[in-house]
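Read the structure below first, then the notes.
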């Protein structure tokens, strides 16, 4: 993905597993920074679902003002 195609904000979601952790790690490696705390929801069957917002590093200051 080129810089002009990169979304300034992403909300990553998924099952709490290595795949989700890798997606967050990949976003950080691609120039994103964490935005806010992660969330976790446990469904009625005990499955854990996670979410984490990330923003491009150069946009972090702009988003933190809102």
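Residue numbers (this note's numbering): 208 to 273.
Virtual Cβ for every residue (Gly too), placed ideally from N, Cα, C.
Note that the C-beta distance between residue 270 and residue 242 is below 9 Å. Sequence-distant Cβ neighbours of residue 213 in its own chain, meaning closer than 7 Å and more than five residues away, are 263. Taking the C-beta atoms as reference points, residue 219 is found nearer than 9 Å to residue 258. Here DSSP, grouped into helix, strand and coil, assigns residue 270 to helix. 221 is the residue among 216, 221, 215 and 217 whose C-alpha sits nearest the C-alpha of residue 256.
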